[in-house]
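First the structure, in the form of structure tokens, and then the observations on it.
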Amino acid sequence: REMPAGYSLYAGELWRHAVACAVMTQVLRERFQVPIDGQMLFTAGLLHDIGKVVLSHYVEEDYNRIEALVKIRRCAFQEAEREVLGFDHAEIGGRLAESWQFPESIVAAIRFHHEPGSALPAVRQPAELVSLADSLALMVGYGTAVDGLAYRVPHQFIDERRLTVHDIESVIAEFQLEMNRAEDMLELGDAVA
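Position 163, counted from 1, in the sequence shown is what the numbering used here calls 166; the numbers after and before it change by one each time, with no gaps.
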């Protein structure tokens, strides 16, 4: 079923991207032995784009302006959202998670998944992991709407751990195995159509 015209994502594609981001957080956490609660991180990855679901019902007319800014200025999608709307989907998602009284680590990971350096130090690492997971999931094709290629890959996590191209390739290979299992279990292949 197609989402309202505000975002050019199908509900199934958004769900598939959310699951991919959540799975990627687990692969990153395990691979780099990051001491963060895995369930919290999975939840944050799964809900990181919840703001898009909310906004999709309200931005039908403004969406074309957002899309045009991304193409003309070659800016990040959330930057275009902020210019046109005055806020972006990450901020709305963070506010929603806060209203649901989620732990601050989940709220921050959702709110700052495009700008993890803006999160408070105590909750920055979950935001960094969700941000990187989001970017990597998009890079390997899980989430291909107009905004999928209009994000900037966060570098802080990569730089701090001095990750190489080989490290990232290894993560992606491991992710694909885990994602295949998740798709089979959740029957995600059917959700995209």
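We put the CB at the ideal spot given by N, CA and C, even for glycine.
Practice prompt. Pull up the distance between the alpha-carbon of Gly54 and that of Arg32, whole angstroms please.
Written response: 24 Å
Worksheet item: So what's Asp170 in DSSP terms, helix, strand or just coil?
Response: Correct three-state label for Asp170: helix.
Worksheet entry | Whole-angstrom distance between Ser59 and Val110, CA atom to CA atom | 20 Å
Discussion item. Can you tell me whether Cys24 is helix, strand or coil according to DSSP?
Written reply: Residue state, collapsed to three classes: helix.
Discussion item. Given a cut-off of 8 Å on the beta-carbon distance, is the pair Asp52 and Leu99 in contact?
Written reply: no
Discussion item. Here's a check: name, in chain order, each residue in its chain whose Cβ is nearer than 6 Å to the Cβ of Gly48, leaving out the five neighbours to either side.
Written reply: If we look at Gly48 and ignore the five residues flanking it on each side, its Cβ neighbours are Cys24, Ala25, Thr28, Val133, Ala136.
Fill in: Pairwise C-alpha distance: Val87 and Ile161
31 Å
Fill in: His117 versus Leu44 - alpha carbon distance
Their Cα atoms are separated by approximately 16 Å.
Worksheet item: Straight-line CA distance for Leu72 to Ala83?
Response: If I take the Cα positions, the gap works out to 6 Å.
Discussion item. With a threshold of 6 Å on Cβ separation, who are the neighbours of Ser121 within its own chain once the five nearest residues in sequence on each side are excluded?
Written reply: Phe115
Item to complete: Use the C-beta contact count for Tyr61: other C-beta atoms within 10 angstroms, 16 or more gives buried, fewer gives exposed.
Response: exposed
Worksheet item: Rounded to whole angstroms, how far is the Cβ of Arg34 from the Cβ of Glu177, which I believe are closer than 8 Å?
Response: Confirmed, Cβ separation roughly 7 Å.
Practice prompt. Leaving aside the five residues before and after Val195 along the sequence, list all residues of the same chain whose C-beta is less than 8 Å from its C-beta, in chain order.
Written response: The pLDDT assigned to Val195 is 47, lower than 50, so where the model puts this residue is not dependable; a value taken from the coordinates is nonetheless given after this. Same-chain partners within the cutoff: Tyr13, Gly15, Glu16, Arg19.
Fill in: Contact set for Arg164: own chain, Cβ-Cβ below 7 Å, skip 5 residues either direction
For Arg164, same chain residues with a beta-carbon under 7 Å away, outside a window of 5 residues either side, are Phe35 in chain order.
Discussion item. If distances are taken between C-alpha atoms only, which option among Leu189, Glu190, Met142, Asn183 comes closest to Glu172?
Written reply: Met142
Discussion item. For Phe45, report the span of its alpha helix (DSSP H) as first-last.
Written reply: In this chain, the alpha helix (DSSP H) harbouring Phe45 covers 41 to 50.
Worksheet entry | Between the CA atoms of Ser102 and Asp170 - distance to the nearest angstrom | 37 Å
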